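Student: Residue numbers (numbering that gives the first Met the number 0): 0 to 254. By construction, the Cβ of each residue, glycine as well, lies at the ideal position given by its N, Cα and C atoms. Values in this document were obtained by computation on a predicted structure and should not be read as measured data. The structure's right below; bear with me while I get my questions together.
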Amino acid sequence: MAFDTRSAMVAHGMVETHVFLMHIASIKALWADSGIQNAYDRRREFQLGESVKYFLDNLDKLGELDYLPSQQDILLARRPTKGIHEYDFEIKNVPFKMVDVGGQRSERKRWFECFDSVTSILFLVSSSEYDQVLMEDRQTNRLTESLNIFETIVNNRVFSNVSIILFLNKTDLLEEKVRIVSIKDYFPEFEGDPHCLSDVQKFLVDCFRNKRRDQQQKPLYHHFTTAINTENIRLVFRDVKDTILHDNLKQLMLQ
């Protein structure tokens, strides 16, 4: 496996190739153990990365001496956003500047540094975390926390003329989860079939939409996304581009 073997990197948690290869068989045996699988099935009770299964299921590939990460491997090697990151890009000759901010509580105090002169806010939330708690607060449901943050933003007068686009991400994980975990156990107000994906998705959209105090204001745009599906994101961003340009043009005409 193509790990960096420089001592400085090893000191920061990287694993040397020969050490990793030496333990692959043991890791595979451990992952196949029924007790470990039972623990994995209860992963919502503790903080476990969502990509763990993917990488443990692909140990043989990762252990190849000439291994190079695929696009999928890179997308699944997620790290939380820390700090503020700006990205300039174009979609069909239309320039965009995207400012990415971390969602952890410790990062939120810096958000308002980025909100001056924004034309749109893309609010990204995991649609599959209705049964999980925060890493920094094991008493608070993750979806509830996202709803509370969204309520603060969507009702802020500063953003009265800003397009707010809701990205309900991780649709692939939501589809898996609704089969086995009832959302009604965590949100008793849910009505419908808790194991029906479309019913759960409708409920999620309604939860966010109902956080707006002024229901007469501009529409709330939403998209269900799977960030590791590049084709899905390409189509979504095409729609987002049209939404942003349309809303900005309308604002200019009203001025």
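Is L167 closer than 8 Å to V199 when the C-beta atoms are compared?
Tutor: no
Student: Sort out for me which residues DSSP pairs K96 with in a bridge.
Tutor: D87
Student: Kindly indicate which three-state DSSP category H194 falls into: helix, strand or coil?
Tutor: coil
Student: Whose C-beta lies closer than 6 Å to the C-beta of T191 among residues of the same chain, with five residues either side of it excluded?
Tutor: First, the residue type needs correcting, since residue 191 is Gly and not Thr in the sequence shown. Result list for G191: D198, in chain order.
Student: Which stretch, first to last residue, makes up the beta strand (DSSP E) that contains V124?
Tutor: From DSSP, the beta strand (DSSP E) with V124 extends over 119-125.
Student: Is it buried or exposed, Q36, if we count other Cβ atoms within 10 angstroms and call 16 or more buried?
Tutor: exposed
Student: Could you pull out every unbroken alpha helix (DSSP H) segment of at least 4 residues lying fully inside the stretch 127-185, listed in chain order?
Tutor: 141-153, 170-176
Student: For Q254, which residues of its own chain have a beta-carbon under 6 Å away from its beta-carbon, when the five flanking residues on both sides are left out?
Tutor: Residue confidence is low: Q254 scores 42 on pLDDT, short of 50, so the model does not pin down where it sits. No coordinate-derived value is stated.
Student: Between the C-alpha atoms of A24 and D59, what's the straight-line distance to the nearest angstrom?
Tutor: 9 Å
Student: When the Cα of S159 is compared with those of E175, T118, H221, which residue comes out closest?
Tutor: Of the candidates E175, T118, H221, the residue whose Cα lies closest to the Cα of S159 is T118.
Student: So what's F189 in DSSP terms, helix, strand or just coil?
Tutor: coil
Student: Sorted by chain position, which residues of the same chain lie with C-beta nearer than 7 Å to E174's C-beta, five sequence neighbours on each side aside?
Tutor: L196
Student: What do you reckon, are the CB atoms on I163 and L219 nearer than 8 Å?
Tutor: yes
Student: Counting only runs that start and end within the stretch 16-71, where is the alpha helix (DSSP H) found for 4 or more residues in a row?
Tutor: 16-31, 33-40, 51-56, 58-61
Student: Between F202 and S126, how many whole angstroms is the CB-CB distance? I'm expecting something under 8 Å.
Tutor: Actually they are not in contact, since the Cβ atoms of F202 and S126 sit about 10 Å apart, beyond 8 Å.
Student: Does the Cβ-Cβ distance between H221 and V239 come in under 8 Å?
Tutor: no
Student: Which one of E128, H84, I90, F88 has the shortest CA to CA distance from D99?
Tutor: H84
Student: Considering only C-alpha positions, which residue in the set R233, S116, E135, S145 is nearest to F122?
Tutor: S145
Student: Could you tell me if F149 is buried or exposed, where buried requires 16 or more neighbouring beta carbons within 10 angstroms of its beta carbon?
Tutor: buried
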